[in-house]
Amino acid sequence: MAQELTRRELLALLGVSASMLTATVTRLSAQGNAAPGVLDVAVIGAGAAGLTAGFLLDRAGLDFQVFEAAAIHGGRAKKDNSLADFPLDMGGEWIHTTNLVLNSLSQDGQASRRATEWRPVTCDVSDGKRLYRDNSYALEWRGEHRFITTTWFDFFNDYMAKGIRDRIQLNAPVSGIDYSADPVLIHLAGGETVQARHVIVTIPLNVLKDGDIRFTPDLPRSKKRALKGAVMPDGLKLFMRFEDRFYPDMVLFEHEYETPEAELMFYNAALDKPTRQNILGLFAHGALATPFVKLSERQLVRKALRQLDELYGGAASPSYRGHVLQNWSKSPFHRGTYSYFSRSQPSTLGASIDGRVHFAGEAYNRHWDGEWGYMHVAARSAYDAVDEISG
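Under my numbering, the first residue of the sequence shown carries the number 110, and numbering increases by one thereafter.
So, in structure tokens, the structure goes:
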């Protein structure tokens with residue numbers, strides 16, 4: 110993928126621009142608070158979309174608060190520093206577009222320097238009976254980008270969360286949103302009630318589907334239909350450190366997928382990183398992840414090592430030196446990896462309710478561009494939600 114985009118291409122990619130942001134800030138600042146003790150905006154969730162929304166609202170000078178159910182911000186942007194001598198992306202890892210999108214999302218012209226194109230060369234493929242080399246699969250990944258010495262978590266932490274940490278309330282799950290009232294009432298699980306003129310909901314798809322937040326009135330029929338046509342499948346990320354490198358840049362598997370979004374692959378996580386360590390990643394998603402995510406951590410690691418031993422003549426287990434695991438299916442505030450749409454559109458999920466309840470996140474893309482499930486889409490959707498509030 111080309112490293113340089115025209116201004117028109119970049120705006121089409123992101124859906125926002127610096128001039129649009131300036132106009133939004135001006136309009137929002139002019140609106141002001143409706144009444145003392147009433148927030149301009151309550152943001153539910155401090156993941157990619159929630160942090161970006163807070164970043165924009167702070168620039169607009171509005172009174173807002175971000176409510177996060179977990180004990181740390183970041184959502185599915187999560188990192189680990191314990192296994193390798195470089196940080197590991199335990200959630201979203203790839204930038205599924207040009208790295209220039211980082212500049213636009215952060216409004217910092219230097220942010221793109223954090224990432225480089227991922228350039229795998231070698232790839233083995235297993236058909237269940239034999240292992241064969243087919244490097245053409247690796248070449249298909251050219252154009253994807255990854256962070257060099259940082260992660261997606263660092264990006265949102267350094268750019269979006271930096272100036273709003275005092276506005277983020279952790280361990281604060283929301284149990285209800287009553288938009289029959291004016292202002293909107295946000296009920297916290299701990300018993301507190303917050304009032305706001307607008308609400309931006311950024312919770313993961315499965316959390317919304319499971320009804321953790323009770324809406325009053327109930328969600329519109331169109332949104333309920335869209336929820337039924339969307340899924341957020343099982344998934345996990347496992348990184349293993351080995352003494353020796355016995356594997357190529359990628360290991361893929363031929364399967365009869367139950368859905369197009371079923372995926373299982375091993376990949377060289379140390380590729381393009383400033384390290385001599387051998388770190389192998391396992392990403393499993395969808396139906397292919399389900400047999401893994403139901404296991405205990407010990408069983409899961411043994412299953413992965415056994416699979417590698419079968420492929421590479423027993424080379425994995427003797428060389429194994431440790432691992433880190435993120436089982437996203439068992440994460441209580443996420444319950445899966447990322448969204449997939451087969452019978453509905455993310456634009457329907459992303460539509461606001463009553464002009465006061467807004468949605469942002471990887472599952473709530475308002476653009477008809479076929480994109481969802483990506484970190485940059487989640488952040489871009491926050492721009493859309495804030496612009497929507499501005500009218």
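Glycine included, every Cβ here is placed at the ideal spot set by N, Cα and C.
Would you please state the rounded distance, in angstroms, between the beta carbons of residue i and residue j? I believe it to be under 8 Å.
i, j, result
"Tyr376", "Gly390", "5 Å"
"Ser426", "Leu414", "5 Å"
"Tyr356", "Arg465", "At roughly 52 Å, the Cβ-Cβ gap does not stay under 8 Å, so Tyr356 and Arg465 are not in contact."
"Ala305", "Ala151", "4 Å"
"Pro196", "Leu380", "Incorrect: roughly 15 Å between the Cβ atoms, too far for contact."
"Ile322", "Ile286", "6 Å"
"Val495", "Glu363", "Not really, about 44 Å apart at Cβ, beyond 8 Å."
"Ile312", "Val303", "Incorrect: roughly 16 Å between the Cβ atoms, too far for contact."
"Pro282", "Ala298", "4 Å"
"Ile309", "Ala469", "6 Å"
"Arg255", "Trp203", "6 Å"
"Leu420", "Val360", "7 Å"
Would you call residue i buried or exposed, if buried means 16 or more other Cβ atoms sit within 10 Å of its Cβ?
i, result
"Glu177", "buried"
"Gln408", "exposed"
"Ala224", "buried"
"Ala169", "buried"
"Leu248", "exposed"
"Pro292", "buried"
"Ala162", "buried"
"Ile181", "exposed"
"Lys337", "exposed"
"Tyr483", "buried"
"Ser438", "buried"
"Lys332", "buried"
"Lys403", "exposed"
"Gly300", "exposed"
"Asp478", "exposed"
"Ala378", "buried"
"Asp327", "exposed"
Alpha carbon to alpha carbon, what distance is there between residue j and residue i?
i, j, result
"Pro342", "Ala144", "42 Å"
"Leu314", "Gly200", "16 Å"
"Asp319", "Phe442", "11 Å"
"Ser490", "Ala186", "16 Å"
"Thr325", "Phe164", "28 Å"
"Asp353", "Gly459", "47 Å"
"Pro455", "Arg475", "7 Å"
"Arg411", "Lys346", "15 Å"
"Ala339", "Ser448", "7 Å"
"Thr231", "Leu279", "43 Å"
"Ala155", "Ala179", "9 Å"
"Gln219", "His205", "19 Å"
"Lys188", "His467", "28 Å"
"Leu214", "Thr260", "15 Å"
"Ala335", "Phe392", "27 Å"
"Gly431", "Gly237", "27 Å"
"Thr384", "Asp194", "7 Å"
"Thr258", "Gly184", "20 Å"
"Phe351", "Gln216", "39 Å"
"Leu417", "Ser245", "21 Å"
"Arg330", "Glu372", "32 Å"
"Ser138", "Trp227", "Bear in mind that a pLDDT of 48 at Ser138, under 50, signals an unreliable position, so the number given afterwards is only what the model happens to contain. The alpha-carbon atoms of Ser138 and Trp227 are separated by roughly 41 Å."
"Ser284", "Tyr268", "29 Å"
"Arg239", "Met374", "16 Å"
"Pro400", "Ser461", "37 Å"
"Gly422", "Ser428", "12 Å"
"Glu253", "Asn266", "22 Å"
"Asp463", "Leu171", "21 Å"
"Val147", "Gly500", "19 Å"
The alpha helix (DSSP H) that contains residue i, what's its start and end?
i, result
"Val495", "484–499"
"Asn315", "314–318"
"Leu248", "245–248"
"Lys333", "330–337"
"Gly459", "455–459"
"Ala424", "Here Ala424 belongs to no alpha helix (DSSP H), and DSSP marks it neither H nor E."
Can you name the start and end residues of the beta strand (DSSP E) that residue i belongs to?
i, result
"Ala305", "302–310"
"Ala151", "148–153"
"His443", "Here His443 belongs to no beta strand (DSSP E), and DSSP marks it neither H nor E."
"Phe355", "Neither: Phe355 is in no beta strand (DSSP E) and is coded neither H nor E."
"His467", "466–468"
"Met359", "359–362"
"Arg475", "Looking at the DSSP string, Arg475 is not in any beta strand (DSSP E), and its letter there is neither H nor E."
"Arg323", "323–325"
Given the structure, does residue i come close to the ligand SAM, in the sense that its CB is under 8 Å from one of the ligand's heavy atoms?
i, result
"Ala424", "The model depicted lacks the ligand SAM and carries no ligand whatsoever."
Practice prompt. Ignoring anything shorter than 4 residues or poking outside the stretch 371–418, list the alpha helix (DSSP H) runs there in chain order.
Written response: Listed in chain order, the complete alpha helix (DSSP H) runs (minimum 4 residues) inside the stretch 371–418 are 399–402.
Discussion item. Could you tell me which whole alpha helix (DSSP H) segments of length 4 or greater appear in the stretch 158–241?
Written reply: For the alpha helix (DSSP H) assignment, the uninterrupted runs of no fewer than 4 residues enclosed by the stretch 158–241 are, from N- to C-terminal side, 210–215.
Worksheet item: Which ranges would you report for the beta strand (DSSP E) in the stretch 257–292 if only whole runs of at least 3 residues count?
Response: When DSSP assignments are scanned along the stretch 257–292, the uninterrupted stretches of beta strand (DSSP E) that are 3 or more residues long and fall wholly within it turn out to be 283–287.
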